[in-house]
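>
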Amino acid sequence: MRAARQGDEQAYRRLLGLVVIWLRSVVRRGLASAGRDMTECEDIVQEALLAMHLKRDTWDDSRPLQPWLRAIARYKLADHLRRGGWHDHVDIADWEDSLELAVDVEAPTVIDSRRLLDSLPERQRRIVQEISLEGQSAAAVASRLGMSEGAVRVALHRALKAMAAFYRRGGP
Amino acid sequence: MKTEQLVAALVADRTRGGGSSARALGLALIAGGVLSLLVFLLALGIRADIGPALATWRFELKVATVLLGLGLAFALCLDCARPDMPSHPWRRLLPLLAVVAAAVAIELLSVPASSWPARLIGSNAMICLPMVPLLSLAPLAAALIVLRRGAPASPALAGAAAGLLAALSGASLYAFHCFDDSPLFVATWYTLAALPMVAIGALLGPRLLRW
Numbered sequence: 000m001r002a003a004r005q006g007d008e009q010a011y012r013r014l015l016g017l018v019v020i021w022l023r024s025v026v027r028r029g030l031a032s033a034g035r036d037m038t039e040c041e042d043i044v045q046e047a048l049l050a051m052h053l054k055r056d057t058w059d060d061s062r063p064l065q066p067w068l069r070a071i072a073r074y075k076l077a078d079h080l081r082r083g084g085w086h087d088h089v090d091i092a093d094w095e096d097s098l099e100l101a102v103d104v105e106a107p108t109v110i111d112s113r114r115l116l117d118s119l120p121e122r123q124r125r126i127v128q129e130i131s132l133e134g135q136s137a138a139a140v141a142s143r144l145g146m147s148e149g150a151v152r153v154a155l156h157r158a159l160k161a162m163a164a165f166y167r168r169g170g171p
Numbered sequence: 000m001k002t003e004q005l006v007a008a009l010v011a012d013r014t015r016g017g018g019s020s021a022r023a024l025g026l027a028l029i030a031g032g033v034l035s036l037l038v039f040l041l042a043l044g045i046r047a048d049i050g051p052a053l054a055t056w057r058f059e060l061k062v063a064t065v066l067l068g069l070g071l072a073f074a075l076c077l078d079c080a081r082p083d084m085p086s087h088p089w090r091r092l093l094p095l096l097a098v099v100a101a102a103v104a105i106e107l108l109s110v111p112a113s114s115w116p117a118r119l120i121g122s123n124a125m126i127c128l129p130m131v132p133l134l135s136l137a138p139l140a141a142a143l144i145v146l147r148r149g150a151p152a153s154p155a156l157a158g159a160a161a162g163l164l165a166a167l168s169g170a171s172l173y174a175f176h177c178f179d180d181s182p183l184f185v186a187t188w189y190t191l192a193a194l195p196m197v198a199i200g201a202l203l204g205p206r207l208l209r210w
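First to last, the sequence lines map onto chains A and B. Using numbering that gives the first Met the number 0, the letters of the first sequence correspond one by one to residues 0 to 171. Using numbering that gives the first Met the number 0, the letters of the second sequence correspond one by one to residues 0 to 210.
(1) W89/B by DSSP, collapsed to three states: which one?
(2) Does DSSP put I20/A in a helix, a strand or coil?
(3) Rounding to the nearest angstrom, what Cα-Cα distance links H79/A and A150/B in this structure?
(4) Report back the beta-carbon spacing between L144/A and V127/A to the nearest angstrom; my notes put them in contact at under 8 Å.
(5) Considering only their Cβ atoms, is the gap separating A137/B from G31/B smaller than 8 Å?
(6) By how many angstroms is the C-alpha of L191/B removed from the C-alpha of A198/B?
(7) Would you say H52/A faces chain B, with C-beta separation under 8 Å as the test?
(8) When you compare the CB of L26/B with every CB in chain A, is at least one pair closer than 8 Å?
(9) If the criterion is Cβ atoms closer than 8 Å, does the pair A23/B and V145/B meet it?
(10) My assumption, with CB atoms under 8 Å, is that L67/B sits in contact with L95/B. Please give the rounded CB distance.
(11) Buried or exposed for E133/A, going by 16 or more other Cβ atoms inside 10 Å?
(12) Would the beta-carbon of V153/A fall within 8 Å of that of A137/A?
(13) Taking the runs of the alpha helix (DSSP H) that are 4 residues or longer, which of them lie wholly in the stretch 132-168 of chain A?
(14) Does the stretch 109-125 of chain B touch the stretch 87-94 of chain B, meaning 3 or more C-beta pairs lie closer than 8 Å?
(15) What residue from L28/B, F39/B, S20/B, K1/B has the CA that sits closest to L133/B's CA?
(16) Which word fits V33/B, buried or exposed, when buried means at least 16 other C-beta atoms lie within 10 angstroms of its C-beta?
(17) Would you report the Cα separation of A161/A and V6/B, rounded to the nearest angstrom?
(18) Taking the alpha carbon of L53/A as the reference point, which residue from A141/A, I71/A, E41/A has its own alpha carbon closest?
(19) Please go through the same chain and pick out, in chain order, the residues whose beta-carbon is closer than 8 Å to the beta-carbon of S97/A, but skip the five residues on each side of it.
(20) Have a look at L76/A, D59/A, V140/A, L115/A and flag the residue whose alpha-carbon is nearest the alpha-carbon of A21/B.
(21) Could you round the C-beta distance between T57/A and A157/B to whole angstroms and report it? I think they count as a contact, below 8 Å.
(22) Is it true that the CB of L119/B sits closer than 8 Å to the CB of T64/B?
(23) Would you say Q45/A faces chain B, with C-beta separation under 8 Å as the test?
(24) Would you kindly work out how many angstroms separate the C-alpha atoms of L76/A and G44/B, rounded to a whole number?
(25) At a CB-CB cut-off below 8 Å, which residues of chain A make contact with L5/B?
(26) Taking the alpha carbon of A72/B as the point to measure from, which residue in T2/B, R206/B, S168/B, L207/B has its own alpha carbon closest?
(27) How long is the line joining the alpha carbons of R168/A and Q4/B, rounded to whole angstroms?
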């Protein structure tokens with residue numbers, strides 16, 4: 000993380016790779032102990048990953064990294080379960096007379112990547128698509144779209160913030 | 000989007016960080032404080048007897064107490080802005096409680112019991128109660144704006160801490176207007192004046208500081 004803060008791209012890629020693997024196991028365990036469906040796992044992993052990236056300034060580099068990461072994962076997991084829990088509650092109210100049915104009705108919603116990208120403005124969506132799906136560099140995207148590299152970076156950053164907000168709302 | 004693709008987007012986004020949060024919070028408080036200072040000078044002004052007052056231990060103790068609280072609330076706010084917040088952040092305020100308790104004890108021992116009610120009620124309570132919150136509004140807004148960049152483990156707690164910090168900013172200005180210097184007055188009315196700000200912060204926190 001320290002190296003990544005200095006702008007070391009390889010170090011950051013390596014770190015994120017490790018964090019993803021770690022997050023998956025943490026989230027899986029959290030979902031299992033809450034008795035929830037595993038299909039939600041990747042949504043939470045992505046949401047936590049986005050949060051970790053956007054809030055990386057809140058890590059004090061004189062402290063160990065892992066408690067900070069764990070705190071973010073815990074917050075996002077709790078947030079996600081609470082959102083889900085609220086829907087559960089509505090279900091139960093709707094099915095007051097047949098609680099068993101309510102449990103059957105409850106279906107996990109997984110945020111569709113198409114909807115996530117569609118929620119972005121046109122230009123931000125293209126930038127995210129080209130960088131993430133097609134693996135282009137910011138500089139290559141900039142010259143393709145006729146923008147400066149700095150403008151591409153700003154748009155990318157805004158898009159990531161919008162995506163985090165999209166997750167936070169649990170949908171559009 | 001696959002997670003691996005998201006990682007590619009995150010790696011490509013290397014915006015420079017915003018720098019230290021202590022610095023940002025400090026600057027925000029100064030900005031909010033300047034606004035409040037204008038309100039203070041227009042609406043209240045410094046007490047007329049500031050010269051002689053500076054020489055009394057009660058006034059000095061009052062100002063020192065409020066400034067100590069301001070510093071502790073500042074550290075508390077920074078603690079609360081982190082996802083890995085320490086487990087009992089409010090412990091930071093214990094020195095403030097100790098100083099207030101000691102000041103009240105000294106006052107109770109040094110003046111006759113017959114003068115306690117007059118010192119407790121003072122003459123400015125009805126100015127203190129609205130003015131401290133009024134002087135806190137700009138610092139509260141500034142503190143919340145900075146905290147939005149953070150990632151508070153508990154947004155309600157972070158909001159409450161911001162409210163307390165704002166109230167102490169307001170109180171540290173107000174202390175220079177009010178001539179009720181008795182620790183009995185300060186402990187009672189400054190606390191009552193700070194409570195609504197803490198409550199407002201705690202209510203705004205979950206709305207503004209979720210991440």
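In this text, a Cβ means the ideal position worked out from N, Cα and C, and glycines have one as well.
Looking at the coordinates:
(1) In this structure, W89/B counts as helix in the three-state DSSP scheme.
(2) DSSP places I20/A in the helix class (H, G or I) of the three-state scheme.
(3) Rounded to whole angstroms, H79/A to A150/B spans 16 Å at the Cα level.
(4) About 12 Å; that fails the 8 Å criterion.
(5) Yes; because the gap between Cβ atoms is below 8 Å, this pair is in contact.
(6) Each residue's alpha carbon lies about 11 Å from the other.
(7) Yes - at least one Cβ of chain B is within 8 Å of the one on H52/A.
(8) At a cut-off of 8 Å, the C-beta of L26/B has no neighbouring C-beta in chain A.
(9) Taking 8 Å as the cut-off, the beta carbon of A23/B is found closer than this to the beta carbon of V145/B.
(10) With 8 Å as the limit, L67/B and L95/B qualify as a contact, their Cβ atoms being about 6 Å apart.
(11) Here E133/A is exposed. Its C-beta has fewer than 16 other C-beta atoms within 10 Å.
(12) Their beta carbons are not under 8 Å apart, which means V153/A does not touch A137/A by this criterion.
(13) Counting only runs of at least 4 residues, the stretch 132-168 of chain A fully encloses the following alpha helix (DSSP H) elements, listed from N- to C-terminal order: 137-144, 148-168.
(14) Under the three-pair Cβ rule at 8 Å, the stretch 87-94 of chain B does not count as touching the stretch 109-125 of chain B.
(15) Nearest C-alpha to L133/B: F39/B.
(16) Only exposed fits V33/B, as fewer than 16 other CB atoms lie within 10 angstroms of its CB.
(17) If I take the Cα positions, the gap works out to 16 Å.
(18) Residue I71/A is the option with its Cα nearest to L53/A.
(19) In this predicted model, S97/A has a pLDDT of only 38, less than 50, meaning its place in the structure is not dependable; the value taken from the coordinates is given anyway. If we look at S97/A and ignore the five residues flanking it on each side, it has no Cβ neighbours.
(20) Closest in alpha carbon position to A21/B, among L76/A, D59/A, V140/A, L115/A, is D59/A.
(21) Contact flag wrong, Cβ pair sits at about 11 Å.
(22) In this structure, the beta-carbon distance from T64/B to L119/B does not fall below 8 Å.
(23) Chain B, which has a Cβ nearer than 8 Å to the Cβ of Q45/A, makes this yes.
(24) Each residue's Cα considered, the two are about 51 Å apart.
(25) L5/B reaches chain A at Q45, L48, L49, S131, counting residues in chain order whose Cβ is nearer than 8 Å.
(26) Considering only alpha carbons, the answer is S168/B.
(27) The straight-line gap from Cα to Cα measures roughly 22 Å.
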